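Visitor:
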Amino acid sequence: MTARALKPPPSVSEGMTRISPTSPGLVLGRKGTLLVRLARDSDDIAAAQSLRYRVFYEELSARPDRETALARRDSDAFDEICDHLLVVETGEPSDDPEAVHSYDGEVVGTYRLLRQEVAERTAGFYTQDEFDIAALIDRKPEIRFLELGRSCVLKRYRTKPVVELLWQGIWNYVRLHKLDVMLGCASMTGTDPDSLALPLSFLHHRFRAPEEWRVRAQPDQYVELNRLPPGEIDDREAMRALPPLIKGYLRLGAYIGDGAVVDEQFNTTDVLIILPVSSINARYFSHFGAPDDNPLDQ
1 MTARALKPPP SVSEGMTRIS PTSPGLVLGR KGTLLVRLAR DSDDIAAAQS LRYRVFYEEL
61 SARPDRETAL ARRDSDAFDE ICDHLLVVET GEPSDDPEAV HSYDGEVVGT YRLLRQEVAE
121 RTAGFYTQDE FDIAALIDRK PEIRFLELGR SCVLKRYRTK PVVELLWQGI WNYVRLHKLD
181 VMLGCASMTG TDPDSLALPL SFLHHRFRAP EEWRVRAQPD QYVELNRLPP GEIDDREAMR
241 ALPPLIKGYL RLGAYIGDGA VVDEQFNTTD VLIILPVSSI NARYFSHFGA PDDNPLDQ
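Numbering (the UniProt record's numbering), first residue to last: 1 to 298.
(1) Tell me which residues share the same chain as aspartate 258 and place their Cβ nearer than 6 Å to its Cβ, disregarding the 5 neighbours each side in the sequence.
(2) My understanding is that arginine 37 touches leucine 51, with C-beta atoms under 8 Å, so please give their C-beta distance in whole angstroms.
(3) Along the chain, which unbroken stretches of the alpha helix (DSSP H) at least 4 residues long are found entirely within the region 201-275?
(4) To the nearest angstrom, how far is the alpha carbon of glycine 169 from that of valine 261?
(5) Can you check which of these residues, Asp293, Phe288 and Phe78, is closest to valine 163 by C-alpha distance?
(6) Whose C-alpha, out of Phe56, Leu70, Arg251 and Gln218, is nearest the C-alpha of glycine 109?
(7) Could you compute how far the alpha carbon of residue 354 sits from the alpha carbon of alanine 69?
(8) Could you give the C-beta distance for leucine 113 and aspartate 83, rounded to a whole number, given that I count them as a contact under 8 Å?
(9) Please name the residue in Leu146, Trp171 and Val174 whose C-alpha comes closest to that of glycine 184.
(10) Which value, in whole angstroms, describes the spacing of the CA atoms of leucine 252 and serine 23?
(11) Identify every run of the beta strand (DSSP E) within the region 64-137, keeping only runs that are complete inside it and at least 3 residues long; order them along the chain.
(12) Taking 8 Å as the cut-off, does the region 131-145 touch the region 88-105 (at least 3 CB pairs, one atom from each stretch)?
(13) Taking the alpha-carbon of proline 210 as reference, which of Pro276, Pro64 and Gly29 has the nearest alpha-carbon?
(14) List in chain order: all unbroken beta strand (DSSP E) runs of 3+ residues lying wholly within the region 147-194.
(15) Going by alpha carbons, who is nearest to serine 42 out of Ala71, Arg63, Asp79 and Glu67?
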């Protein structure tokens with residue numbers, strides 16, 4: 001490893017206003033020994049891909065092709081055009097022999113971010129393969145969108161503080177780039193919609209997007225969310241059945257798109273998250289920062 005790679009990344013908390021919003025390695029949040037930052041180089045992106053392989057393929061039983069299995073990385077062409085958030089444990093080294101490391105600690109979580117301006121001049125949005133987000137983007141030409149995707153957190157770190165730290169990183173990125181809406185696929189484990197009837201129906205009846213924000217799953221992949229009548233839904237049980245990231249978005253004010261998509265390769269059922277900044281509950285701003293604040297000044 002070179003000496004240059006050992007330099008600590010710039011930190012939002014240090015008030016480094018000279019830092020460009022696109023600075024590789026920029027730290028976007030801290031909590032105890034954990035930090036969330038942007039990937040700084042190809043080694044960081046490789047670490048994110050290795051963590052994704054471990055979670056998606058080894059833990060959650062996704063089905064790798066031969067190239068993916070040999071490389072032990074989850075990768076695609078979008079990795080080259082996206083920014084990557086990394087959650088890094090900077091404390092004592094893990095005794096996990098399969099731990100994924102970067103220069104500043106163990107990588108325990110990651111999220112992939114694709115801004116509309118980048119998508120439009122390159123490969124488009126990944127989410128379009130499952131949900132017709134192009135229709136929504138066309139309806140709102142004045143809005144700047146951010147696609148969220150490829151999220152994963154190591155099992156032992158799937159806790160509320162880590163989810164909040166991921167959200168802090170995304171939120172600071174949104175504020176730096178003055179983005180208006182976050183959207184992307186969120187997954188529940190399993191490919192049998194009937195076995196997920198409770199959480200899917202709960203999302204449909206309680207969080208379905210209003211008409212102006214509604215996006216429908218692609219016709220050839222559409223799976224009905226409305227599988228149980230409202231009277232048969234126990235809200236508390238349904239919330240418990242949802243992954244922490246989906247619960248976190250719902251608490252912030254997110255909507256759910258129309259329909260789900262079954263992804264056989266990844267052993268998941270995907271729903272669409274739509275989170276306009278204007279819909280975020282204002283009580284969160286006292287903790288995470290107001291939309292118009294610049295996190296580089298904090």
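Even for Gly, the Cβ is constructed at its ideal location relative to N, Cα and C.
Since the model is a prediction, treat every value here as computed from it, not as a measurement.
Guide: Concretely, from the data shown:
(1) Arg214 and Arg216
(2) Not really, about 14 Å apart at Cβ, beyond 8 Å.
(3) The qualifying runs are 235-240 and 244-252.
(4) For glycine 169 and valine 261, the gap between their C-alpha atoms comes out near 27 Å.
(5) Phe288
(6) Phe56
(7) The first residue shown for the chain is 1 and the last is 298, placing residue 354 beyond what the model contains.
(8) 4 Å
(9) Leu146
(10) Going by the C-alpha atoms only, they are around 27 Å apart.
(11) 83-89 and 105-115
(12) Counting Cβ pairs under 8 Å, fewer than three are found: no touch.
(13) Answer by Cα proximity: Pro276.
(14) 181-189
(15) Asp79
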